[in-house]
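For reference, the structure discussed in these notes is given below.
Residue numbers (the working numbering): 654 to 1030.
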């Protein structure tokens, strides 16, 4: 005997009829709404079968009830959302390094710090230059006169300062790159403290930059602050190699349009305070012309020294006429030194008399003494 199927004979006949209707509707491509057994199927068919076929629509109902523009709307919204997070980096071969406040009066500020050896970051207003240590955060504050467009971003780009190096791309040295495991390990500038920072490399110029969304100032504050860190020393071989660099900070629209620009020089070194003090002193000396006066003095030095020698030789006799007082302890010692002094005075008198005897005139004939006769005699 076979196992019981669980269905009565009437239910089995109904299932066969239902299955035939479903397969026939699939082959034809339309729902079984107008089948002859439709009335009987609605009454006797199980609920599970109704649920499985309720979503079958014919072509006419599909065009009437389905919106074909739905996917286009979803795609456009997805692209807009993606575009707000993705900013195309600038493709200029030679980036502009002049300040441009724009209509938003874009300004940057640095925290005031001295030139102590312990500072890790210090900014010189005199030089418009930031001195900082390797991989140490440097706070940079931005100030605007009004709110920028929604989705605005801040971009930081490093370029070489001198014209002979401006076409080269600023990258980290191979040594520091190999020690780092980050995906953007070749980037010199990093934004710390923000998970929304994005790193870009232009496909044409290969210049690297980092962006972070602009955030309005907190209540009670006038500026927005970001944290920048520079991941290579200015003296690293294979990297900057002692070539001065500029950092360009730009305020941009989501599409990459520049709303404002500020530039400043950066030196990454071991002792920012010392280097800042040295460079400021050298700049002050150059401005005051001290270096030029030193050069002039060095050229006049050979002419001045003979005059000093003549002056010292002519004043030798005057120095001999000066009188000095010597305090002596003990009478015997005084008498002895007195005799020595008197003897020196007599020797000077004799030397002067002999000098007058044999004195020769500077020009003309030599004076004859009484005992001498001329050749004519």
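Glycine residues also receive a C-beta, built at the ideal position from the N, C-alpha and C atoms.
Alpha carbon to alpha carbon, how far is residue i from residue j?
i: residue 832; j: residue 761; result: 32 Å
i: residue 763; j: residue 905; result: 21 Å
i: residue 687; j: residue 670; result: Bear in mind that a pLDDT of 48 at residue 687, under 50, signals an unreliable position, so the number given afterwards is only what the model happens to contain. Roughly 15 Å separates the two Cα atoms.
i: residue 892; j: residue 826; result: 4 Å
i: residue 990; j: residue 975; result: 18 Å
i: residue 1002; j: residue 978; result: 21 Å
i: residue 917; j: residue 783; result: 7 Å
i: residue 1010; j: residue 995; result: 23 Å
i: residue 942; j: residue 780; result: 17 Å
i: residue 931; j: residue 870; result: 36 Å
i: residue 749; j: residue 848; result: 28 Å
i: residue 964; j: residue 1008; result: Confidence in residue 964 is poor, its pLDDT being 47 and thus under 50, which makes the residue's placement too unreliable to answer from.
Does residue i come out as helix, strand or coil in the three-state DSSP assignment?
i: residue 811; result: strand
i: residue 839; result: coil
i: residue 787; result: coil
i: residue 875; result: coil
i: residue 753; result: strand
i: residue 764; result: coil
i: residue 1007; result: helix
i: residue 797; result: coil
Given a threshold of 16 other Cβ atoms within 10 Å of its Cβ, counted over all protein chains shown, does residue i qualify as buried or as exposed?
i: residue 980; result: exposed
i: residue 982; result: exposed
i: residue 939; result: exposed
i: residue 835; result: exposed
i: residue 890; result: exposed
i: residue 867; result: buried
i: residue 811; result: buried
i: residue 926; result: buried
i: residue 860; result: buried
i: residue 862; result: buried
Which same chain residues, not among the five before or five after residue i, have their C-beta less than 6 Å away from its C-beta?
i: residue 766; result: 772 and 775
i: residue 838; result: 830
i: residue 914; result: 753 and 903
i: residue 790; result: 845, 880 and 882
Can you list, in chain order, the residues of its chain with a C-beta nearer than 7 Å to that of residue i? Leave out the 5 residues immediately preceding and following it.
i: residue 985; result: none
i: residue 886; result: 787, 921 and 922
i: residue 879; result: 793, 807, 844 and 865
i: residue 758; result: 797 and 798
i: residue 924; result: 770
Please list the terminal residues of the continuous beta strand (DSSP E) segment that includes residue i.
i: residue 851; result: 851-854
i: residue 939; result: Residue 939 -> not in any beta strand (DSSP E); alpha helix (DSSP H) instead, spanning 925-941.
i: residue 914; result: 911-921
i: residue 776; result: 774-777
i: residue 861; result: 861-866
i: residue 904; result: 898-905
i: residue 981; result: It is not in any beta strand (DSSP E) - residue 981 carries neither H nor E in the DSSP assignment.
Hey, quick one: how far does the alpha helix (DSSP H) through residue i stretch, first residue to last?
i: residue 827; result: 827-832
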